[in-house]
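Peer 1:
Residue numbers (our numbering): 1 to 129.
1. Counting along the chain, where does the alpha helix (DSSP H) carrying residue 99 start and finish?
2. Taking the straight line between their C-alpha atoms, what separation do you get for residue 17 and residue 106?
3. Residue 37: beta carbon under 6 angstroms from a heavy atom of the ligand ADP?
4. Inspect the CB distances between the stretch 11-27 and the stretch 45-60 and report whether three or more fall short of 8 angstroms.
5. Does DSSP put residue 22 in a helix, a strand or coil?
6. Between the stretch 63-78 and the stretch 94-111, do at least 3 Cβ pairs fall closer than 8 angstroms?
7. Looking at the unbroken alpha helix (DSSP H) that takes in residue 111, where does it start and where does it end?
8. Note down the Cα distance separating residue 125 from residue 78, rounded to an integer number of angstroms.
9. In angstroms with no decimal places, state the Cα-to-Cα distance between residue 68 and residue 43.
10. Is residue 40 helix, strand or coil by DSSP?
11. Within the same chain, show all residues whose beta-carbon is closer than 6 angstroms to that of residue 121, passing over the 5 residues directly before and after it, in chain order.
Here is the structure:
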């Protein structure tokens, strides 16, 4: 029962954070575009979408704390896989940049971690079946 409730709270928390993220991202993109390039207010406005991401992160951490040990181990392995792959790829990209390759935006790092975390969960779950 407790686990079911934790799952429901997680879905609600992530849902709210995701909806806020989409709204704030669209709002801030339009707002930043209306400001002159030399206006320093562009910077704090541009990072406002981080706030709902932090709310989603908090919901995830709460969910992990309520998991049993096996599910926590699966999550740990999935996150370790994602961070490891992204770390190696970004390191390689950095080396390629020193050789003259155009830089890749850091905006891709977090979505890559999320995608690889999902793939890592699939791998970890198969391991423990």
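For every residue, glycine included, the Cβ atom is placed at its ideal position computed from N, Cα and C.
All values reported here derive from a predicted model rather than from experimental measurement.
Peer 2: Inspection of the coordinates gives the following:
1. From DSSP, residue 99 is part of no alpha helix (DSSP H); its letter is neither H nor E.
2. 22 angstroms
3. Ligands displayed in this structure: none; no statement on the ligand ADP is therefore possible.
4. Yes, the stretch 11-27 touches the stretch 45-60.
5. helix
6. These segments do not touch.
7. Where residue 111 is concerned, the enclosing alpha helix (DSSP H) starts and stops at 109-127.
8. 9 angstroms
9. Approximately 41 angstroms between the Cα atoms of the pair.
10. coil
11. 78
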